[in-house]
Each structure stands twice: as structure tokens, then as C-alpha cells.
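Each residue of the sequence shown is one higher than the one before, counting from 3 in the working numbering. Heads up, the beta-carbon is just placed ideally off N, CA and C, and yes, glycines get one too.
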Amino acid sequence: MSAIGSLSTAASVLRKNPAILLVGVFFVLLSEVAILLDVYVGSMAQVLVYPLSLLVTPFLLGGIITMIDEGLEGTTRLGSFVRGGKENYVSMLGATVLFAVIIMGVSFMGGILMMIVGVGTAAAGGGLVGMGIGFVLLMVVMALLVMFLQFYDAAIVVSDARAIDSFSQSVSLVWNNFLSVVGFTIVFFVISLIGQGPGMALYLSAIEFTETGETAIASESTLFLSIAVTLVLGTFAFAYSYSYLVSYYRSILEDEPAATPAY
């Protein structure tokens, strides 16, 4: 099944199993609560929100991917969400932490290298050009890194892989289906952008930043409109994008050649 073919499969899963949409609301609510706390309480609220999100997200992901995986076979129910969240929590938590560490580590090292390149080219009279090239290269590296690791959560739930093994399996699948995965990643990004873009645009028009860097409300009605729009569009986009991810993951997994037995 191609990246395009998986789009119709994902839509079919949601039509047959609208309960997946209900679970999708929890993911969107988590991000919107963080936004409201940042606006009304202050940036220090993020100190509590992000650790809580790190602990809750693995359970939510394990649950919704389990539901989608079941939905691809027929029907699923909310009980599968709880079961999937529990059964995969430890591996999902470990993989989520490891993924965050990898992304932050590569980003940090890339930033240092970019500064070194910028200082070196500045001495030669091309500092801005060097920094610009370094920034573009860093973004390309980060995009490729995310693309190669993006199926780790599906590998844990669908293939019963452990945290570290899930990354190697994701890298292997992407390597063997590179052009197809590039197409999938672009479509996945567009779906996510449709879900978050309108609400984010409304949010940016609803807030303003003070001289101290704090967030202030310019229009409270627009702020709550942005939340409402994100809850609707974001829920559909999240549920659909992850249904798309799981259906595509399963399709490329089925296309993998079977391992040759050793004698």
C-alpha cells in the first residue's frame, strides 16, 4: 500500500470507529491547557505542565495506537485505549524520553557547530552567510532525524518492540522505503498543519508580548476562539494523522522481506 493509499484506509478506520476521535480530544486538550496556563498563570506554569505531559503522553499514545491498530482489523472500543496505554506504558515512556534526549542533543550540538561556523566565516567576512547555511543544514538534519525515528511508537504497539529496538526498526523501515516515507512525511505534516495552523494564527492575533517577555491577552474572545477551532480541527487532524501513520506503518511492515532462517 502506498502513502496515498493509506489515506483512504485511515479515513475508513475513523468512519468505522468514531471512538478514536474521542480519544484524540485528550491530546489536544493537553496542549490547550498548557497554553491557557502560560497566558493566565505565567511561564513558570510550564515547569509543571511539561513534566506532566511527558508522563501522560506515552499512555495516551499507547492507547490510541492500540485502538487504531484494532480498528484496521475491524472495530475497537474505549477499553482498548486503557489496555493499550497500560501494556505499552513503560516502553513508550522510555522511548519518548530517549527521543526527546536525541532531538535536544542533536539540536544542541548543531547549535554549537553553527556558532563555530559563524565565528569562523565572520573572520573571513561572511558571517551571516555562514550562519544562514549552518541553520539550513541544521534544519535538514533535524528533519531527517525526525523522519527516520517517527515510527518508534507504532513499532512499540504494533510490533511489540522495546524502547531501543523501536528506533532501530523505524530507521530500517525508513531506509528501505525512503522515497515513499518522504511522501508520507510530507502528507503527515500537511495534515498536522491543517489541524494546528488556523488555531495558532488566531492565538498569535489574540496575545501580545510585554517588554519583559511575558504573554498578555490582547483579545480574550479571539483567544477562546483559537482554542475552540483547535479543539475541532486539531482533534480530527490528530486522529486522522495517527490513523494514517499506523496504517502506513503496517503496510510497509508487510512489504518487508522475511528474514532468511539460519541453518
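DSSP lists Ala-218 as the beta-bridge partner residues of Glu-210. DSSP, read as helix, strand or coil, puts Ile-6 in coil. Burial is judged here by how many other beta carbons sit within 10 angstroms of a residue's own beta carbon; Arg-252 has at least 16 and is buried.
Scanning Lys-18, Ile-22, Ala-5 for the CA closest to the CA of Ala-239 turns up Ile-22. Non-local beta-carbon contacts of Val-183 in its own chain, meaning distances under 8 Å to residues more than five positions away in sequence, involve Ala-5, Met-149, Leu-175, Val-176, Ile-254 in chain order. Cβ contact annotation for Ala-36 (same chain, cutoff 6 Å, sequence separation greater than five): Val-51, in chain order. Per DSSP, reduced to three states, the secondary structure at Thr-59 is helical. An exposed status is given to Phe-180, since fewer than 16 other beta-carbon atoms sit within 10 Å of its beta-carbon. For Glu-34, the uninterrupted alpha helix (DSSP H) run begins and ends at 21-42, by DSSP.
Contact annotation: the segment 217-230 does not touch the segment 10-18, with fewer than three C-beta pairs closer than 8 Å. For Ser-82, the enclosing alpha helix (DSSP H) covers residues 80-89. Under a 10 Å Cβ-count criterion, Pro-60 is classified as buried, with 16 or more other Cβ atoms of the shown protein chains found around its own Cβ. DSSP places Ser-161 outside both helix and strand once states are collapsed to three, so it counts as coil. Distances from the CA of Ile-135 to each of Leu-146, Thr-68, Gly-113 were compared; the closest alpha carbon is that of Gly-113. Rounded to the nearest angstrom, the Cβ distance from Leu-100 to Ala-165 is 6 Å, consistent with a contact under 8 Å. Gln-152 carries a coil assignment under DSSP once its states are collapsed to helix, strand and coil.
Around the beta carbon of Phe-211, a 10 Å sphere encloses fewer than 16 other beta carbons of the protein chains shown; the residue is thus reported as exposed. In the displayed model, Gly-76 falls within coil according to three-state DSSP, outside both helix and strand. When secondary structure is reduced to three states using DSSP, Asn-179 falls in the coil class, being assigned neither helix nor strand.
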